[in-house]
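Engineer: First the structure, then my questions, so here it is.
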Amino acid sequence: MSADGPSQRRALFLAVLSNLLGGSAYFAIEQALRVWPPSALVFVRVLLSIPLFMIVTPRGSFSHALPADYGRILLVGSIGFAGPLLVSAHGLVHSDSSHGAILIGIEPVVLVLMARLFLGESMTRSQVVSIGLALTGAIIVVSDGRLGDMFELKGSALGNLMLAATALLWGIYTIAAKPTLARVSAPAFCSSTGVIAAVCVLPFAVPEARALDLERMIEPLSLLALGYLVLGVSFGAVMTWNLALKSIPASRMAVLVLLQPVTGVLLGVVAGEPTTLAKIVGAVFVFLAIWLSTRPPRPNSEVHSRTE
């Protein structure tokens, strides 16, 4: 990250915060899925977050938008937002959650490659090393050091394939959002893509309505879980991600994604799960990777740079 002062530090803080919020969603999702069917939960989360984005959307947010920006907003809302939310929710039903974490963890690799291909972003050697370190650290943390178990990929092939596809879909979100956010405010982008996503998810959520239990839905713990998912994740994590993306290259955002599985596991430790050497080592790997990926690049350190 270039040392451009407070704005860059603020963007990095927002990017880290976004992934911490996303990683902390594990317990809330686990609780909410005891009451809500997967598609219905996604629909309600997205729907309730839309007014929050609208409240903070400044006037004239689309005044400088290009026709291509509207096309990218449609792409993000339908494929880059509704897509991964639905695919991951249903993929976890057919796969093991720990394997899901590592399959979704290929997102940084996909994101870096897509940023290079579609945005022309260059990579430095430290970025390449940091992604390898972060991915290794996330695997160690999630597997608790039992690396062999991670690659057995228990669960159905369909479930594992769906979770792997989530990485590509989230990559589409970030790559399409990056140029659009140069002309459209982050809250306006989030609200408009949220509306499109809600419309896309609705046909999947309606058939699940029969499985809803109103008495369980209004239990305090269920309401707390849903409230956190709406405020902390669907609003907070999404907003901070897009605010950060305005200032930070997409390829440098990639390594921060691996904070999510690490955060989930470390919160488990706080909740009383045993602390192991593997979790400590894996977390150190991830935080070292973040330091490498965000320090100012050295001259002539780019690899595969684009020739202008």
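To convert, note that position 280 of the sequence shown is 1344 in our numbering; the numbers rise steadily by one, no gaps.
All residues carry an ideal CB built from backbone N, CA and C; glycine is no exception.
1) Using only CA atoms, which one of Ala1075, Gln1072, Leu1078 and Leu1097 lies nearest to Leu1293?
2) In chain order, what residues of the same chain lie with their CB nearer than 7 Å to the CB of Leu1138, ignoring the 5 residues before and after it?
3) CA-CA distance, Phe1268 and Leu1112?
4) Among the residues of its own chain, which have a CB less than 7 Å from the CB of Glu1272, if the five just before and after it don't count?
5) Report yes or no: do the stretch 1317-1328 and the stretch 1189-1204 share at least 3 C-beta pairs separated by less than 8 Å?
6) Counting Cβ pairs closer than 8 Å, one from the stretch 1249-1263 and one from the stretch 1107-1126, do we hit at least three?
7) Tell me which residues share the same chain as Ala1075 and place their Cβ nearer than 6 Å to its Cβ, disregarding the 5 neighbours each side in the sequence.
8) Could you check where the alpha helix (DSSP H) with Arg1074 kicks off and where it finishes?
9) Suppose contacts are defined by Cβ-Cβ distances below 8 Å. Is Ile1170 in contact with Ala1228 by that definition?
10) Is it buried or exposed for Asp1133, if we count other Cβ within 10 angstroms and need 16 for buried?
11) Please list, in chain order, all residues of the same chain as Leu1081 whose beta carbon is under 6 Å from its beta carbon, the five residues on each side excluded.
12) Ordered along the chain, which non-local residues of its own chain (more than five positions away) have a Cβ less than 7 Å from that of Arg1073?
13) Kindly indicate which three-state DSSP category Ser1276 falls into: helix, strand or coil?
14) Return the chain-ordered list of same chain residues with a C-beta closer than 6 Å to the C-beta of Val1302, the five sequence neighbours on each side being excluded.
15) Let me make sure I understand the geometry here. Which of Gly1147, Ser1152 and Ala1241 has the alpha-carbon closest to that of Leu1183?
16) Please classify Val1205 as buried or exposed, where buried requires at least 16 neighbouring CB atoms within 10 angstroms.
17) With a cut-off of 8 Å on the beta carbons, I'd call Ile1236 and Gly1144 a contact; round off their distance for me.
18) Alpha carbon to alpha carbon, how far is Thr1230 from Ile1344? Give it in angstroms, no decimals.
19) Which residues mark the beginning and the end of the alpha helix (DSSP H) in which Ala1104 is found?
20) Please return the same chain residues whose Cβ sits closer than 7 Å to the Cβ of Val1193, not counting the five positions on each side in sequence.
21) Taking the alpha helix (DSSP H) that Arg1316 belongs to, which residues open and close that run?
22) Within 10 Å of its beta-carbon, does Leu1130 have 16 or more other beta-carbons around it, so buried, or fewer, so exposed?
23) Near Phe1107, what residues of its chain come up, given a Cβ to Cβ distance below 7 Å and the 5 sequence neighbours on each side ignored?
24) Does the beta-carbon distance from Thr1327 to Leu1149 come in below 8 Å?
25) Can you look up Pro1338 in the DSSP assignment and give me helix, strand or coil?
26) Specify, as a first and last residue, the run of the alpha helix (DSSP H) that His1046 falls within.
27) Output yes or no for whether 8 Å exceeds the beta carbon distance between Val1140 and Thr1257.
28) In three-state DSSP terms, what is Val1099?
29) By how many angstroms is the C-alpha of Asp1277 removed from the C-alpha of Ser1286?
Structural biologist: So, from the data block:
1) Leu1097
2) Ile1260
3) 17 Å
4) Once the five neighbours on either side are set aside, the close Cβ partners of Glu1272 are Pro1101, Ser1103 and Ala1104.
5) yes
6) yes
7) Ala1308, Ser1311 and Ile1312
8) For Arg1074, the uninterrupted alpha helix (DSSP H) segment begins and ends at Pro1070 to Ala1096.
9) yes
10) buried
11) Excluding residues within five positions, the ones whose Cβ falls inside 6 Å are Thr1304.
12) none
13) It is worth fixing the name first, because residue 1276 is Leu in this sequence and not Ser. Coil.
14) Counting only Cβ-Cβ distances below 6 Å, and skipping sequence neighbours, we find Cys1254.
15) Ala1241
16) buried
17) 4 Å
18) Rounded to the nearest whole angstrom, the C-alpha separation of Ile1344 and Thr1230 is 27 Å.
19) Where Ala1104 is concerned, the enclosing alpha helix (DSSP H) stretches over Pro1102 to Ile1119.
20) Leu1356
21) Ala1314 to Met1317
22) exposed
23) Ala1262, Val1265, Leu1266 and Ala1269
24) no
25) coil
26) It is not possible to answer for residue 1046, since the shown part of the chain is limited to 1065 through 1372.
27) If you check the CB distance, Val1140 and Thr1257 come in under 8 Å.
28) coil
29) 11 Å
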